[in-house]
Every structure is written in C-alpha cells, then in structure tokens.
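Notes for the one structure printed next.
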Amino acid sequence: MLSRGEEKMRETRGYIEQSRNLNEQCGNCAFFRSGEHSNCGECDILGGTVNPQGYCDSWAGK
3 MLSRGEEKMR ETRGYIEQSR NLNEQCGNCA FFRSGEHSNC GECDILGGTV NPQGYCDSWA
63 GK
C-alpha cells in the first residue's frame, strides 16, 4: 500500500501503469531498479513499486 506522499508524487509526476511509448518505460529508465522477488521494480523518484511497462514525466533514459 502506498503512503499518501507516494500517491501524491505519482499523481504529480503523471505516473501511468502502461506507457504509450515502448521506448520510454519505467523498465528502461535511469531511476528504475529491478525488483528481486516480483515482476515489478522500484523507482528512486516515485518510491515504492512500479510497473516496468509504466511511465511518468520524470522518465530519463539509462
């Protein structure tokens, strides 16, 4: 479960679960770290888990 701060950050950054651009997805973003025990990963900007196929306005290529 996300904290209110994490929810607000995702809202502010325009996070979506499925990117519209295959070249700009959480999984190939510089702020993404692969999850060890799940299909999701973690984001240094948004906090908490994110979908590797997701996207937000903070996306930066690796």
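When you line the sequence shown up against this note's numbering, it's residues 3 to 64, in that order.
Beta carbons: idealized from backbone N, C-alpha and C, even for Gly.
List the endpoints of the continuous alpha helix (DSSP H) containing residue i.
i	result
R12	R6 to T14
How would you call residue i, buried or exposed, if buried means at least 16 neighbouring beta carbons within 10 angstroms?
i	result
Q27	buried
S36	exposed
S21	buried
G7	exposed
Can you pull the DSSP bridge partners for residue i?
i	result
Y57	I18
C42	Answer is none; C42 lacks a bridge partner.
Measure the Cβ-Cβ separation of residue i and residue j and say whether it is below 9 Å.
i	j	result
G43	G29	yes
M11	I47	yes
P54	F34	yes
List the endpoints of the continuous beta strand (DSSP E) containing residue i.
i	result
S36	F34 to S36
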